[in-house]
Every structure is written in structure tokens, then in C-alpha cells.
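Take the sequence shown: its position 186, counting from 1, is numbered 186 in full-length UniProt numbering, and each next residue is one higher. Glycine included, each C-beta is placed from N, C-alpha and C at the ideal position. Note that the structure is a prediction, hence the values are computed from the model and not measured. Worksheet: one structure, shown below.
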Amino acid sequence: MSDKYDVIVIGGGPGGYVAAIRCAQLGMKVACVEEWINKQDKPALGGTCLNVGCIPSKALLESSERVEEIQHHNADHGISVEGIKVDVPQMIARKDAIVSKLTGGIAQLFQANGIEWLQGRGKLLADKVVQVTGHDGAVTTHAAENVIIATGSVPIELPIAKWLDDRIVHSTGALNWETVPDRLGVIGAGVIGLEMGSVWRRLGAEVIVLEAMDDFLGAADADVSKSSKMQFKKQGLDIRLSTKVSAVEALDEGIKVSYTDKKGEDSLVVDRLIVAVGRKPNTNDIADSAAGLQLDERGRVAVDDHCATNLPGVYAIGDCVRGPMLAHKSSEEGVMVAEQLAGQKPHMDHNMIPWVIYTDPEIAWVGQTEAELKAAGVAYRSGSFSFAVNGRAMAMDKAAGLVKVLADASTDRILGVHIVGPMASELVGQAVIAMECEASSEDLARMCFAHPSLSESMHEAILSVDGRALHGVNRKPKK
Ligand code: FAD
Ligand code: NAD
1 MSDKYDVIVI GGGPGGYVAA IRCAQLGMKV ACVEEWINKQ DKPALGGTCL
51 NVGCIPSKAL LESSERVEEI QHHNADHGIS VEGIKVDVPQ MIARKDAIVS
101 KLTGGIAQLF QANGIEWLQG RGKLLADKVV QVTGHDGAVT THAAENVIIA
151 TGSVPIELPI AKWLDDRIVH STGALNWETV PDRLGVIGAG VIGLEMGSVW
201 RRLGAEVIVL EAMDDFLGAA DADVSKSSKM QFKKQGLDIR LSTKVSAVEA
251 LDEGIKVSYT DKKGEDSLVV DRLIVAVGRK PNTNDIADSA AGLQLDERGR
301 VAVDDHCATN LPGVYAIGDC VRGPMLAHKS SEEGVMVAEQ LAGQKPHMDH
351 NMIPWVIYTD PEIAWVGQTE AELKAAGVAY RSGSFSFAVN GRAMAMDKAA
401 GLVKVLADAS TDRILGVHIV GPMASELVGQ AVIAMECEAS SEDLARMCFA
451 HPSLSESMHE AILSVDGRAL HGVNRKPKK
């Protein structure tokens, strides 16, 4: 057994590596166990997010959006481009280079912070001992004062649609195709379905998205989901709601997907299929039964508000515990646990975690939706403003979508901000700052926003909460 560590983190994704760095900053002796082997067959830090999630998907979304811009959105500007050639392998290579740079950067941060990277698979034994099985099979054990479990999540495989080479894939497969399928099927119109569906549609595939639920993007505010669905439809993304897939069969050529929708039973044949029906916590065999680690009914590590498990000195964070599966949520939990271990009193408000879907239009929100406020019986005022009349959005050729602000009817405190439109991912940060500072809509109404900017739509939505938007029609004009 090695010298005792103050903290051993199991998992080096955005939850685990951030927890390790913050613990080290606070003076603790830290090791992080990480088993990831990357596309180049090398051990890598960064987890799902950096290797096969947030970063590579955004790299391909960016490349494919450029293709779409050049092909379809230049004429109005008086620009014509001829002879466009799209080199998909180069696009994938660029994405891989970004991934390598970022994951290599985490390894450097570990070195700089004196964090030991224990390469291999970690398992919690009794009494906060962590067993590590190296990639060569060698087994070592390491004791710690505290253990942080950050083992993340894995894609859900449907029993009727088992992974099949590069034809029936989860998100990782769809991040690595070097040719564009003619016809692409996607099961699940959630975040991955929409982001990866958008990438391949922009590159030329006909994309059909089959979604079991009746509602589109049920977690989003209804106005946002309605507006985004209309825009996706206009782009040619064929989203079919209330469609339950009953069978998937790999043919010699193509994949037959049978389904039932409101009209009855039907089927379609696609060249490739992405299954994006959610992810599940990666908690299989992470702890020896002698350790006594408690999981919840959905297989996640059971934790309290402070990410403490049932075992004293053992914490769990990120995708493997309750709450949204988002990289920044994992990281925040990592920081919170590290600071607790250092004797600080950090607090994390799950209601302040922003959501972003990086499609075009981008979709982003923080706080509660109108439906959630209604269900909770909270009296609220609502204001919204369209990007259609925003000068900057027009100049960008992105004049569609809206900002919607919900404020408490009696205190005027901002309770939710919902955005669909250009740079929603960046605009939502303003809402997070305002809400964390417990701002009222009037506080923001009295602030000055640059002109012309997309932020003006945020300002106008806030003004319209009080019926005094200056560039839009107010529902309840105020004298
Ligand atoms: P992970 O990133 O999954 O990391 C867990 C790590 O633990 C892995 O490296 C794994 O190898 C390691 N591990 C697991 N078990 C063991 C073990 N026993 N021993 C050693 N190591 C182990 N989120 C966003 O916020 N924004 C986005 O834009 C976004 N885009 C995404 C796009 C895609 C295609 C996908 C799949 C996900 C995306 N996500 C996004 C979600 C995001 O990737 C996750 O929420 C985030 O990675 C969770 O971080 P984590 O540290 O909890 O887990
Ligand atoms: P998701 O939960 O976002 O969407 C899954 C969708 O599949 C849902 O709409 C669900 O109703 C549908 N579905 C489930 N079973 C189905 C079935 N049998 N047939 C048809 N439809 C079915 O999950 P995801 O898109 O797989 O993404 C997983 C997680 O990864 C997300 O929850 C998110 O937290 C994270 N992620 C985040 C981002 C981001 O932040 N931009 C991007 C990608 C992934």
C-alpha cells in the first residue's frame, strides 16, 4: 500500500479532475484514478466531456455550421462561393486535435498541481482503500482520508437496437464517421439527437429523428420548444414525435427501423442509426460489497445535498449522482466537495445550473419554466422579446427566436430565463449572474445594455415583464 492520500478521486472527467485540482490547490495530497484509453490507444484524462462529449461535439457543430453558412447563407450578403469541397476526415482530424490538446492540458495541470494520476480502473474497498487495476493488470491498493467517486455515465443501449460496428451507434460513433450517410436515423430527440442530428444534416444527410414522447424537448419552456421545433423543421430536420420504435433490423444494405406512431405501424430504412435515448450512471462494480456503498433506485450513488454518500469520508459527484448530467454541474460539485474537505462552507443551488443545447438556433435556460411555476402555484409575471427585431441578430442573419423572462409577481425576483436564438449559450450567463445575485427584473431593467447587441433582446424581455418594452408590443402596457 502506498502512503496515505488526503484524497483519492476515482474518475478524471470534469467532475473528478476539477475536484482533484481544487483539493490540491487547498493543500491536500491527491491522487486521481482514471482508466480512459483514447482513440490513439493512450491513457487520457478529461472523461466523457473532453474525449467523446461536450468538446468533440462542439467542434463538429462548429465545422458543420460553417458548411451550412457557406452553402446556404451567403447569397443575401452578396457573396457567392463556388466549388466548395467538404473534407470530412479533415473535420474529424481537427476535432481529434482539439481533444488531444485539451486532454493533454489536464495532464499538465495535474503535474503542475502535484496530483498523482493512477492509471487504471479504481474500485472502492472497505475503509476508504482504493484498489487500482493498471492497464497491464497489476493491482495496487491505496488508502485515503477521503474518496471522491466521479465515475460519470455511459450511453443507454436499447435491447432492440444493439450497437453494431459503425452502423448502429451512440454519440461516440457519430463523432467519428468519416463519410456522410445518405439517410440517417436517430432514436431520441433529446440533446444528443438534436446536436448530432444537426451535424450530419448540415453535412448533407437526410436526418429522421424518432421521439417516443408527445412533447418536443419536454424539459424546456414551451415557448422555447415551439420556436426551436419550427426552426429545425424549416432546416429540414425531420422530427417525428409520438413515435415508438418497436424493432431494429440490420439489413445487408441499410437498417430497418419499425415503429408505431399515431397512424399505426410503419417502418423506414436508413443507412446508419444513432441511438440517443439517454445515459445511465456508470456505477457498475465501482465498489466492493464490503465497502457498503449505497446506490439509489436508479443505480446512481446515493448522496445528500453536499454530495456525501452513506459512508463517512466518501463523496460522489457528477453524472454518477442525482441531478442533470452536465459537465459544469459535475465540476461545481467537485469544487464544492473539495472546499468542504478544506473546512469551508460552500453551497450549490441546482436551480442555478444553466442548460444549453448547441444547435442552431441555440437553446439555453436557467431556473424554472412557466409550466413548473404554474404547477408549483407560484404567481409570476412574464416578459418576452423576439430576436426577429434585434438589429444585431439581423446583421448576423440569425433573426429568429426569443428571450423569455419569468419574475415573481410579488417580489419581482427573476425565477427563470429561457432563450432560443443566436449565442443563447453566452446570453444565459447574464441570467445566471442576475439570478445568483437575486436580482429583480427591475434591477436589470434599469441597467444599460450595449447597442446593437443580442443582449438588447434580454433587456427588452426584462422590460416587457413590466409592460414597458421599448421596441416591442407589450402585453400589458404600463403608464
Ligand atoms: P465523465 O465525464 O463521464 O467522467 C468519468 C470518468 O471516470 C471517465 O473518464 C471514466 O473513464 C472514469 N471512470 C469511470 N469508472 C472508473 C473506474 N472505476 N476507475 C477509473 N476511472 C473510471 N455536458 C455539458 O455540460 N455540455 C455539453 O455541451 C455536453 N455535450 C455532450 C455531448 C455528448 C456527445 C455527450 C455524450 C455528453 C455531453 N455532455 C455535455 C455531458 C457531459 O459530457 C457529462 O455531463 C460530463 O462529462 C460528466 O462529467 P463526470 O466527470 O461526472 O463524468
Ligand atoms: P436525453 O435525455 O437528452 O434525450 C433522450 C431522448 O430520447 C428523450 O427525448 C426521450 O424521450 C427519448 N427516448 C427515450 N427512449 C426512447 C425510445 N425508446 N424511443 C424513442 N425515443 C426515446 O438524452 P441524450 O440526448 O442521450 O443525452 C444524454 C445526456 O447527455 C443528456 O441528458 C445531457 O445531460 C447530456 N448532454 C448534454 C449536452 C449539452 O449540455 N449540450 C449535449 C449532449 C449530451
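Cβ pair count under 8 Å reaching 3, the segment 4-11 against the segment 136-151: By the criterion of at least three beta-carbon pairs nearer than 8 Å, the segment 4-11 is in contact with the segment 136-151.
Complete runs of the beta strand (DSSP E) confined to the segment 27-65 [at least 3 residues]: Listed in chain order, the beta strand (DSSP E) elements of length 3 or more contained wholly in the segment 27-65 are 30-34.
Ile10 vs Leu164 beta-carbon contact at 8 Å: No, Cβ-Cβ distance for Ile10 and Leu164 is not below 8 Å.
As assigned by DSSP and simplified to three states, the class of residue 484: Nothing in the structure corresponds to residue 484, since the chain is present only between 1 and 479.
Distance cut-off 7 Å: Ile10 Cβ against heavy atoms of the ligand FAD: The answer is yes for Ile10.
Supposed contact pair Gly421 and residue 499 - C-beta distance, whole angstroms, cut 8 Å: Since the displayed the chain opens at 1 and closes at 479, residue 499 lies outside it and no answer follows.
Paired residues, beta bridge with Trp355 - DSSP: Its beta-bridge partners are Trp365.
Cβ separation of Gln340 and Gly416, assumed to be a contact under 8 Å, to the nearest whole Å: Gly416 and Gln340 do not touch by the CB rule: their CB atoms are close to 29 Å apart, not below 8 Å.
Run of the beta strand (DSSP E) containing Asp360, from where it starts to where it stops: Per DSSP, Asp360 belongs to no beta strand (DSSP E) and is neither H nor E.
Check: Asn282 C-beta below 7 Å from any heavy atom of the ligand FAD: Yes, the Cβ of Asn282 comes within 7 Å of a heavy atom of the ligand FAD.
Same chain, Cβ closer than 6 Å to Glu206, five either side skipped, listed in chain order: Closer than 6 Å at the Cβ level, and outside the excluded window around Glu206, lie Arg183.
First through last residue of the beta strand (DSSP E) which encompasses Gly122: Unbroken beta strand (DSSP E) run through Gly122: Arg121 to Leu124.
Spatial neighbours of Val132 in its chain, beta-carbon cut-off 6 Å, leaving aside the 5 residues before and after: So the qualifying residues of the chain are Val33, Leu118, Gly120, Gly122 and Thr140.
Given His350 as reference, the closest of Asp305, Glu68 and Val169 once Cα atoms are compared: Nearest C-alpha to His350: Asp305.
Ranges of the beta strand (DSSP E) found wholly within the segment 208-260, counting only runs of at least 3: List check, beta strand (DSSP E) in window: 238-240 and 244-250.
Cβ-based burial, Arg201 [other Cβ within 10 Å; buried from 16]: By the Cβ neighbour-count rule, Arg201 is buried, with 16 or more other Cβ atoms within 10 Å of its own.
Check whether Ser453 and Ile414 have beta carbons under 8 Å apart: In terms of Cβ geometry, Ser453 and Ile414 do not form a close pair [threshold 8 Å].
Best match in Asn51, Ala407 and Ile357 for proximity to Leu427 [C-alpha to C-alpha]: When only C-alpha atoms are compared, the closest one is Ile357.
Close Cβ partners of Asn113 (< 6 Å) along its chain, the five nearest in sequence each way excluded: For Asn113, same chain residues with a beta-carbon under 6 Å away, outside a window of 5 residues either side, are Ile21 and Ala24 in chain order.
Buried versus exposed call for Pro477 [16 or more other C-beta atoms within 10 Å across all chains shown]: Unreliable positioning characterises Pro477 in this predicted model, as indicated by a pLDDT of 49, which lies under 50. The coordinate reading is nonetheless provided below. Under this definition Pro477 is an exposed residue.
Glu195: CB within 7 Å of a non-hydrogen atom of the ligand NAD: At least one heavy atom of the ligand NAD is nearer than 7 Å to the Cβ of Glu195, so yes.
Cβ-heavy atom distance, His350 to the ligand FAD, below 7 Å: The answer is no for His350.
Beta-carbon spacing of Ser384, Val366 below 8 Å: Against a cut-off of 8 Å, the Cβ pair of Val366 and Ser384 comes out as no contact.
Beta-carbon proximity of Val154 to Asn51, cut-off 8 Å: For the pair Val154 and Asn51, the CB atoms are not nearer than the 8 Å cut-off.
Euclidean distance between Cα positions of Val186 and Gly53: C-alpha separation (whole angstroms): 17 Å.
Enclosing alpha helix (DSSP H) for Thr172 [first to last residue]: Residue range Ser171 to Ala174 is occupied by the alpha helix (DSSP H) that includes Thr172.
For Asn310 and Ile419, the rounded distance between their alpha carbons: Near 39 Å, if we compare the C-alpha coordinates of Asn310 and Ile419.
Reduced DSSP category for Ala461 - H, G, I as helix; E, B as strand; rest coil: In this structure, Ala461 counts as helix in the three-state DSSP scheme.
Helix, strand or coil at Thr151 according to DSSP, with G and I counted as helix: In the structure shown, Thr151 sits in coil (DSSP, three-state: anything other than H, G, I, E or B).
Euclidean distance between Cα positions of His170 and Lys345: Spanning the alpha carbons of His170 and Lys345 requires a straight line of approximately 39 Å.
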